[in-house]
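Per full-length UniProt numbering, the sequence shown starts with residue 1, numbered consecutively.
To start, the structure under review is shown below, and the notes come after it.
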Amino acid sequence: MRFADKVVLVTGAGSGIGRATALAFAREGARIVVAGRNREPLAQTVKLAEEAGGTATAVTADVTRAADVERLVAETVAAYGALDIAVNNAGVLTMGRAGEIDEADWARTLAVNTTGVMLSMKYEIAHMLTAGGGVIVNVSSQIGAHKRIPGTGAYAASKAAVTALTRTAALEYIREGIRINAVSPGPHDTTMSLRPGETEADRAVRLGEQLPVGRVGALEEAASGILWIASAEAGFTVGHDLVMDGGSTI
Ligand SMILES: NC(=O)c1ccc[n+]([C@@H]2O[C@H](COP(=O)([O-])OP(=O)(O)OC[C@H]3O[C@@H](n4cnc5c(N)ncnc54)[C@H](OP(=O)(O)O)[C@@H]3O)[C@@H](O)[C@H]2O)c1
Numbered sequence: 001m002r003f004a005d006k007v008v009l010v011t012g013a014g015s016g017i018g019r020a021t022a023l024a025f026a027r028e029g030a031r032i033v034v035a036g037r038n039r040e041p042l043a044q045t046v047k048l049a050e051e052a053g054g055t056a057t058a059v060t061a062d063v064t065r066a067a068d069v070e071r072l073v074a075e076t077v078a079a080y081g082a083l084d085i086a087v088n089n090a091g092v093l094t095m096g097r098a099g100e101i102d103e104a105d106w107a108r109t110l111a112v113n114t115t116g117v118m119l120s121m122k123y124e125i126a127h128m129l130t131a132g133g134g135v136i137v138n139v140s141s142q143i144g145a146h147k148r149i150p151g152t153g154a155y156a157a158s159k160a161a162v163t164a165l166t167r168t169a170a171l172e173y174i175r176e177g178i179r180i181n182a183v184s185p186g187p188h189d190t191t192m193s194l195r196p197g198e199t200e201a202d203r204a205v206r207l208g209e210q211l212p213v214g215r216v217g218a219l220e221e222a223a224s225g226i227l228w229i230a231s232a233e234a235g236f237t238v239g240h241d242l243v244m245d246g247g248s249t250i
């Protein structure tokens, strides 16, 4: 119960890494607020958290819209009286070689992955400064600061920016009690790690050959890294970018 009574906000928590992370926090005693654009998947995350004995609230919000993010933080504080930990996880992947990137895809990728993290931090930090501190974990990616894969330039640019923004913000706010880090997952078990047209069986064969660890990452493994870096045990870890990639970038 490392997070007993902590209030934890997770964006992109209606699926994948975000849902697994929110549920892991709830299992360790946190009161969670789960956010995303679509109500139904968030309601399912709340149901799963409550079935596990947790306390959870869903808030629909689009992280590319400042007004939504401002309302999300306000509703979190209104619901539980605090915002102790924020996991900025919402993200999208688009594909296209540099000479062929669709401009709308480029704009959407940067809007969600980079501007979404900036806006989330902006309103989270504003609250945490008044509250005397907090913890922020931004979900970046191995693709970007750590690894390049053909066809993922827009995503790589958006995520390298998350890593840089995280480290700058970490320096800026640690003396005011806000500890900021990133995590950079490699391929984990969501649709995002499937190549276009690829089945899960195809992916298992590809990662079996390509990744040193020989398999896709489990969502619980990503969640456990996020929980550790958000925990008091990691109090001396500041501006870090924890790569969890099965050895892909060694
Ligand atoms: N899976 C991997 O292999 C992998 C590897 C490296 C990094 N990551 C990163 O891990 C994070 C989670 O990805 P995932 O694999 O769990 O994918 P996922 O299942 O597609 O989850 C992404 C979540 O983000 C939400 N989202 C998308 N756009 C949003 C917006 N504008 N505002 C609010 N929420 C939004 C989606 O919900 P709605 O559509 O309902 O809004 C969805 O729940 C992402 O940042 C991703 O880049 C994943």
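For glycine and all other residues, C-beta sits at the position ideal for the given N, C-alpha and C.
These numbers were taken from a predicted model, which means no experiment stands behind them.
Pairing Ala222 with Thr21, the inter-Cα distance amounts to about 8 angstroms.
Beta-bridge analysis with DSSP links Ile180 to Ile136. Closest in alpha carbon position to Thr190, among Val183, Arg203, Arg179 and Ser184, is Arg203.
Check the Cα spacing between Met128 and each of Thr152, Phe236 and Ile174: the tightest is with Ile174. Residue range Gly16 to Arg27 is occupied by the alpha helix (DSSP H) that includes Ala24. The residue from Gly132, Ile180 and Leu194 with its alpha-carbon nearest to that of Met121 is Ile180.
Considering only Thr152, Thr199, Tyr123 and Gly132, the residue with the shortest C-alpha distance to Val87 is Tyr123. Judged by beta-carbon spacing, Val117 lies within the 7 angstroms limit of Asn138, meaning their Cβ atoms are closer than that value.
At a cut-off of 6 angstroms, the beta-carbon of Thr190 counts as near ligand 1: some heavy atom of the ligand is closer than that.
When rounded, the separation of the alpha-carbon atoms in Gly217 and Gly246 is 7 angstroms.
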